[in-house]
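In the working numbering, the protein residues as written are 22 to 210. Report on the structure given below.
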């Protein structure tokens, strides 16, 4: 397993949506896309070209029990209504790095936003219906001090979001396939 912490080394900006226990086709359907329009094999370079020409593109796959949709040049997955729909009967995680603030983490469970935050927030500022379950992992990763306040000396907040998501949810992305291989892809618009 490659985990997800490496993604910032490869992508300047990205939005990645994960859904536990779903197929890539079902994830596309729940994101409002047409699984019939999935292209079976697209490289990272071809996906960026398609996005420039046609609109939002996500490269797709499954890893460690989670389906994923990685958008290298768009952020359709940031729509909270979409994430609630994706999480119906399961759970979903969305991570956004737009290349500059904001960086964002959202966890949805059974159609509800369970946790929603950006780096620099304190434990009591984490949004959602069940944010406290993330606090121990956020402390362990260095995002929060023992008293629940944000660490003012944290110079790697984007990396810490990835570390928390990787540890708490065992998220994984196939690095070789995403960097140098081909994966199924779909236009999201």
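The beta carbon of each residue, even a glycine, is placed where N, CA and C say it ideally should be.
query	result
Bridge-paired residues (DSSP) for residue 134	129
Backbone secondary structure at residue 94 - three-state DSSP	coil
Residue from 160, 130, 131 and 129 whose Cα sits closest to the Cα of residue 140	160
Exposed unless 16 or more other CB atoms sit within 10 angstroms - verdict on residue 145	exposed
For residue 142, the three-state DSSP class (helix, strand or coil)	coil
Limits of the unbroken alpha helix (DSSP H) element including residue 74	65-75
Three-way DSSP call (helix, strand, coil) for residue 117 in this model	strand
Nearest-angstrom Cα separation, counted from residue 149 out to residue 131	13 angstroms
Residue from 66, 177 and 27 whose Cα sits closest to the Cα of residue 122	177
Exposed unless 16 or more other CB atoms sit within 10 angstroms - verdict on residue 75	exposed
Secondary structure of residue 53, DSSP reduced to three states	coil
Status (buried if at least 16 other CB within 10 Å, exposed otherwise) for residue 51	buried
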